[in-house]
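Peer 1: Line by line, the protein sequences are chains A and B.
With my numbering applied, the first sequence corresponds to residues -13 to 368, in that order.
With my numbering applied, the second sequence corresponds to residues -13 to 368, in that order.
Got a structure for you, questions after.
There are 2 protein chains.
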Amino acid sequence: MAEPDDFVVTPYEVRGKIDYTRLREQFGTEEVTAQVLARIHHLAGGELHPLLARGIYYSHRDLVALLDGYANGRPFFLYSGRGPSGPLHTSHLVPFDLCVWFQRRLGIPMYIQITDDEKFWAKGGLTREETAQWGLENLYDILALGFDPKRTHVFFDSRSISALYPLAIRVARKITFSNVKAVFGFTPSTNIGLVFYTALQSVPCFWPSWAEGRAVPCLVPCGIDQDPHFRLTRDIAEGLGYPKPALLHSQMVPGLLGEGVMSTTGGRTDDALYLNDPPAVVERKLRAAFTGGRATVEEQRRLGATPEICSIWALWRTRFAESEAKFQEITRTCRSGELLCGDCKGELIERVHKFYEQHAAARDRVKSWAESTIVTSAPKPI
Amino acid sequence: MAEPDDFVVTPYEVRGKIDYTRLREQFGTEEVTAQVLARIHHLAGGELHPLLARGIYYSHRDLVALLDGYANGRPFFLYSGRGPSGPLHTSHLVPFDLCVWFQRRLGIPMYIQITDDEKFWAKGGLTREETAQWGLENLYDILALGFDPKRTHVFFDSRSISALYPLAIRVARKITFSNVKAVFGFTPSTNIGLVFYTALQSVPCFWPSWAEGRAVPCLVPCGIDQDPHFRLTRDIAEGLGYPKPALLHSQMVPGLLGEGVMSTTGGRTDDALYLNDPPAVVERKLRAAFTGGRATVEEQRRLGATPEICSIWALWRTRFAESEAKFQEITRTCRSGELLCGDCKGELIERVHKFYEQHAAARDRVKSWAESTIVTSAPKPI
């Protein structure tokens, strides 16, 4: 039996081989069961996003009540965010891909937070000019995934502070240094910007309710590592008179180097596919990526490979196998030994090239309206 | 010899009988000497404000260098603030009275910060509506003291956050929880708003330099109790590329009840004259105020009274004896026994009534332009 400490998952650290079932039990969240998926499938008009169908979104808080409300004429809104410390990589798309799908199927509003202040506070090596510029670049990438300009609202922290601050003042009074210390592992040498920051990250959960003067439910799709943050948000929600945000948690996408979670922290840039990687770099990274294959072709033909540990299979699973049939075929032929890693990588490289081309074009198109989505004023004076 | 702990002076607590000389030595500040006063007198065109002439502003940091700069064609600006937790009382006017005088004599800009966010964080019993409303009421009172609409700029925190936040982001990265814990005595149960707040209070010291892209010196007249706060500001100034603010420290005004410093914390509303007290309340409070008089008229005639411990004398000294001759006469006749406390109070009551009348009229006049002084946008994007 595994020891409780062979993996660590917090908003500022993910380490070790994660047992997702045990993590869900540790955090005390609910399972995304077949019944929950059937419910979403029904409400979404007979469709299920691959990230749901393939079990990547596997855990939740209060999702059933949110869906009940939706079924009874009480629409919710979506909220997700991005800390702009550099270019996006493909695993950053996991929450936004799901949000685009929800927005399109249900016609609901999306709120995106770009935390250029928080990244400046969290990453000593970045200048303000850099976090602001990455914020804009990241925003273009996110919007280009297919968000509806009319239903998408962006809090770009340094530029939206007038809109956020009046509510952040109320939120901040409810949270102590002890609270953030417990959740984020802050120490006395943490800067006071980062200490304050969680107030601003909670605000979007409540903002539409504040603006509209009625309870508007919120759904936050996020990595399971972000759950502790939103537990804090949920704890203070009722005291402020707002509904607790519902959460939908994804597993972490493994990195190309085959260790834990996709992350380029510490300069490990080959662990991830950046959206601004040129085709030759994409090809080099994928050719070098860790797979679940065997030592020799002969052995693989005979024994088959192991998709569950393969970084290439993870990419097919989270984004690049668009149809269920395609995904099942890759998984089956990988396991049986019919599909060899070289061929599988070759096919994925083609898919990624195609996506990057389409994405670059979509990204150019959103630039004409991206600024119009940034919220710059508060709905009420205080 | 007095023990080192028979008085406590921090930004959040003032207690005991303060030995101002020793406090200055503890804090390591410089003395406002006769030479410094002569310098100000000269630069101000042959005039000295009573608060300077009577030794209420008695301590400073870097004031001489600031005056040298001014003499060499390098003007400075003034900065002071107010935490709007209720109506102003007369001791709150000490920094602003001096600033009006400096602004008029030297023609320099004044920046006023109204910290309606901080008071909400610091005082659990106040609502946001209350701190915002008191902020506006207090601002009218402050502007009515005679500030020049063309040279006066107000940071009303919740409304000026767009202007303040870009610089606050940079400031906040330089300050740790340890720093604010040491300065303000914060504990793990302090809310994260208050922890962050010092960043916003430092911003006005640097704002004109940021806006103008050159070093603009700053003078902060404040109670000596606020020195620890601005020490933190001074410590981070150079790392941000801005000049350290110079400070000019006042002694604390004793309360009407004769204990330590004028303060209405804990509901001791009879300790202070509020600017919105009706005439009958002013009269009642002053008639009941603690004096330096003797037990009987006979004794007072014979032995004289003690102005230094008298709350009425403190009011003459800090504001209501407009001429030096008047102030000297009161002091002399009090000490000699010629002036009895009842007569002295009667004369002060007349003066206060007259000031309140003039002030109410001035306050009505500033309402037409007060809003125009509130800064609502940043001079630069980041």
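Yeah, the Cβ is synthetic: ideal placement off N, Cα and C, and Gly gets one too.
(1) Is A:THR176 close to chain B, meaning its C-beta is less than 8 Å from at least one C-beta of that chain?
(2) The alpha helix (DSSP H) with A:THR319 in it runs from where to where?
(3) Considering only heavy atoms of the ligand HEM, does any lie closer than 7 Å to the CB of B:SER144?
(4) Tell me whether B:GLU(-11) is buried or exposed, calling it buried when 16 or more other Cβ atoms sit within 10 Å of its Cβ.
(5) Note down the Cα distance separating B:GLN21 from B:LEU49, rounded to an integer number of angstroms.
(6) Counting only beta-carbon separations shorter than 8 Å, does B:GLU245 have a partner in chain A?
(7) In terms of residue numbering, what span does the beta strand (DSSP E) encompassing A:TYR151 cover?
(8) Measure from the C-beta of A:ILE368 to each C-beta in chain B and report whether the shortest distance is under 8 Å.
(9) Quick test of your reading: A:VAL189 and A:LEU153, contact by CB under 8 Å. State the CB separation rounded to the nearest angstrom.
(10) Quickly, what does DSSP pair A:MET96 with across the bridge? List them, please.
(11) Which class does A:ILE360 belong to by DSSP, given the choice of helix, strand or coil?
(12) Once the 5 residues before and after B:PHE13 are set aside, which same chain residues still bring their CB inside 6 Å of it?
(13) For A:GLN344, count neighbouring C-beta atoms within 10 Å of its own C-beta (all shown protein chains included) and say buried if the count is 16 or more, exposed if not.
(14) So, helix, strand or coil for B:PHE276, using DSSP?
(15) Over what stretch of residues does the beta strand (DSSP E) that includes A:PHE(-7) continue unbroken?
(16) Under 8 Å, Cβ to Cβ, is there at least one residue of chain A near B:PHE373?
(17) On a Cα-Cα basis, can you pick out the residue from A:GLY323, A:LEU301, A:LEU79, A:LEU129 that is closest to A:ALA280?
(18) Which residue wins for smallest C-alpha separation from B:PHE182, given the options B:THR101, B:LEU52, B:ARG270, B:ARG254?
(19) Can you tell me the Cα-Cα spacing of A:ARG349 and B:ASP211, whole angstroms?
(20) At a Cβ threshold of 8 Å, is A:SER148 touching chain B?
(21) From the DSSP secondary-structure annotation, give me the bridge partner or partners of B:VAL206.
(22) Could you give the DSSP three-state label for B:SER45: helix, strand or coil?
(23) How is the beta strand (DSSP E) around B:ARG349 delimited, first residue to last?
(24) Are any of the Cβ atoms in chain B nearer than 8 Å to that of A:GLY2?
(25) Comparing C-alpha positions only, which one of B:CYS296, B:VAL202, B:ALA39, B:GLU357 sits nearest to B:GLY246?
(26) Within 8 Å (strictly less), CB to CB, does B:SER164 reach chain A?
(27) Return the CA-CA distance between B:GLY132 and B:ARG288, expressed in angstroms with no decimal places.
(28) Three or more beta-carbon pairs under 8 Å between the stretch 247 to 255 of chain A and the stretch 36 to 43 of chain A, yes or no?
(29) Under 6 Å Cβ to Cβ from B:GLN99, same chain only, skipping five residues before and after it: list those, please.
(30) Pick from B:GLY199, B:VAL283, B:GLU11: whose alpha carbon is nearest that of B:HIS235?
(31) Run through DSSP, which three-state label would A:ASN165 get?
(32) If A:GLN89 sits next to A:LEU64, beta carbons under 8 Å apart, how far is it from one beta carbon to the other, in whole angstroms?
(33) Just tell me which of A:LEU38, A:PRO293, A:PHE62, A:ASP143 has its CA closest to the CA of A:ILE94.
(34) B:TYR228 by DSSP, collapsed to three states: which one?
(35) Mind pulling the chain B residues with CB within less than 8 Å of A:PRO194?
(36) Is A:LEU226 closer than 8 Å to A:VAL157 when the C-beta atoms are compared?
Peer 2: The structure says:
(1) Looking up residue 176 of chain A in the first sequence gives position 190. Yes, because at least one Cβ of chain B sits closer than 8 Å to the Cβ of A:THR176.
(2) Working through the first sequence from its first residue, we reach residue 319 of chain A at position 333. Looking at the DSSP string, the run of the alpha helix (DSSP H) that includes A:THR319 is 310 to 322.
(3) As far as ligands go, the structure on display features none, and thus does not contain the ligand HEM.
(4) By one-based count along the second sequence, residue -11 of chain B stands at place 3. Because B:GLU(-11) sits at a pLDDT of 48, beneath the cut-off of 50, its placement in the model cannot be relied upon, and the point is left open.
(5) In the second sequence, the residue the question calls residue 21 of chain B occupies position 35. In the second sequence, the residue the question calls residue 49 of chain B occupies position 63. Using only the alpha carbons, I get a separation of about 12 Å.
(6) Walking along the second sequence from the start, residue 245 of chain B turns up at place 259. False, the Cβ-Cβ gap to chain A never drops below 8 Å.
(7) For the purposes of this step, residue 151 of chain A is taken as residue 165 along the first sequence, with counting starting at 1. It is not in any beta strand (DSSP E) - A:TYR151 instead sits in the alpha helix (DSSP H) that spans 143 to 159.
(8) Position 382 of the first sequence, counted from the start, is the residue given in the question as residue 368 of chain A. Closer than 8 Å to some Cβ of chain B, the Cβ of A:ILE368 qualifies, so yes.
(9) Taking the first residue of the first sequence as position 1, residue 189 of chain A is located at position 203. Taking the first residue of the first sequence as position 1, residue 153 of chain A is located at position 167. Contact flag correct, Cβ pair sits at about 5 Å.
(10) Working through the first sequence from its first residue, we reach residue 96 of chain A at position 110. A:LEU64, A:THR138, per the DSSP bridge assignment.
(11) Along the first sequence, read from residue 1 onward, the residue named residue 360 of chain A stands at position 374. A:ILE360: strand per DSSP, three-state reduction.
(12) Position 27 of the second sequence, counting from 1, holds the residue named residue 13 of chain B. Here the set comprises ASP213.
(13) In the first sequence, counting from the first residue as 1, residue 344 of chain A sits at position 358. Label assigned to A:GLN344: exposed.
(14) Stepping through the second sequence from its first residue, residue 276 of chain B is reached at position 290. Of the three classes helix, strand and coil, the one that applies to B:PHE276 here is coil, per DSSP.
(15) Numbered from 1 along the first sequence, position 7 holds the residue referred to as residue -7 of chain A. Residues -7 to -4.
(16) The requested residue 373 of chain B is not part of the displayed model; chain B covers only -13 to 368.
(17) Mapped onto the first sequence, residue 280 of chain A falls at position 294. Checking the sequence shown, residue 280 of chain A turns out to be Arg, not Ala. Among A:GLY323, A:LEU301, A:LEU79, A:LEU129, the Cα nearest to that of A:ARG280 is on A:GLY323.
(18) Translated into positions along the second sequence, residue 182 of chain B becomes position 196. Out of B:THR101, B:LEU52, B:ARG270, B:ARG254, B:THR101 has the C-alpha closest to the C-alpha of B:PHE182.
(19) Against the first sequence, residue 349 of chain A aligns to sequence position 363. Against the second sequence, residue 211 of chain B aligns to sequence position 225. If I take the Cα positions, the gap works out to 55 Å.
(20) Within the first sequence, residue 148 of chain A is the residue found at index 162, counting from 1. It does; some Cβ of chain B falls within 8 Å.
(21) Taking the second sequence and counting its residues from 1, one reaches residue 206 of chain B at position 220. Partner(s): B:LEU233.
(22) Counting from one through the second sequence, the residue named residue 45 of chain B turns up at place 59. B:SER45 falls in the strand class under three-state DSSP.
(23) Residue mapping note: residue 349 of chain B aligns to position 363 of the second sequence, counting from 1. Note, B:ARG349: premise wrong, no beta strand (DSSP E); alpha helix (DSSP H) at 327 to 352.
(24) The residue given as residue 2 of chain A occupies position 16 in the first sequence. No - not a single Cβ of chain B is within 8 Å of the one on A:GLY2.
(25) The residue labelled residue 246 of chain B in the question sits at position 260 within the second sequence. It is B:CYS296.
(26) In the second sequence, counting from the first residue as 1, residue 164 of chain B sits at position 178. By this cut-off, B:SER164 is an interface position.
(27) The residue given as residue 132 of chain B occupies position 146 in the second sequence. The residue given as residue 288 of chain B occupies position 302 in the second sequence. Their Cα atoms are separated by approximately 43 Å.
(28) no
(29) Here residue 99 of chain B refers to the residue found at position 113 when the second sequence is read from its first residue. Here the set comprises GLY67, PHE141, PRO190.
(30) Here residue 235 of chain B refers to the residue found at position 249 when the second sequence is read from its first residue. Measuring from the Cα of B:HIS235, the nearest candidate turns out to be B:GLU11.
(31) Sequence index remark: in the first sequence, residue 165 of chain A carries index 179 (1-based). A:ASN165 falls in the helix class under three-state DSSP.
(32) Within the first sequence, numbered from 1, the residue matching residue 89 of chain A stands at position 103. Within the first sequence, numbered from 1, the residue matching residue 64 of chain A stands at position 78. Indeed they touch by this definition, with Cβ atoms about 6 Å apart.
(33) Here residue 94 of chain A corresponds to residue number 108 of the first sequence, with the count starting at 1. Minimum Cα distance to A:ILE94 is reached at A:PHE62.
(34) Translated into positions along the second sequence, residue 228 of chain B becomes position 242. Reduced to three states, the DSSP call for B:TYR228 is coil.
(35) Taking the first sequence and counting its residues from 1, the one referred to as residue 194 of chain A is at position 208. Chain B residues near A:PRO194: none, gap ~19 Å exceeds 8 Å.
(36) Counting from 1 along the first sequence, the entry for residue 157 of chain A is found at position 171. Counting from 1 along the first sequence, the entry for residue 226 of chain A is found at position 240. Against a cut-off of 8 Å, the Cβ pair of A:LEU226 and A:VAL157 comes out as a contact.
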